[in-house]
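In the working numbering, the protein residues as written are 909 to 972. Glycine is no exception: its CB is placed at the ideal position from the N, C-alpha and C atoms.
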């Protein structure tokens, strides 16, 4: 099978706190979507820069 390329990342969270994480990221200007109580979807597109990706990674790393 050939590898599949996608612009979507699915992130599972511990517990039922996906919405809390989405809210915290939103405070840093990061728009992601909770798809249920414990999963988040992140989507990139043409206008997302490498710097945007680094900023998003940094915002995730600050979560407690």
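For the stretch 920–936 against the stretch 953–961, do three or more pairs of beta-carbon atoms, one drawn from each stretch, fall closer than 8 Å, so that the two count as touching? Under the 8 Å Cβ criterion, the stretch 920–936 does not count as touching the stretch 953–961, having fewer than three qualifying pairs.
Residues bridged to residue 942 (per DSSP): 948
Spatial neighbours of residue 947 within its chain, please: CB distance less than 8 Å, with the 5 preceding and 5 following residues excluded, ordered by chain position. Result list for residue 947: 918, 919, 920, 921 and 926, in chain order.
Measure the Cβ-Cβ separation of residue 915 and residue 951 and say whether it is below 7 Å. In this structure, residue 915 lies near residue 951, with their beta-carbon atoms less than 7 Å apart.
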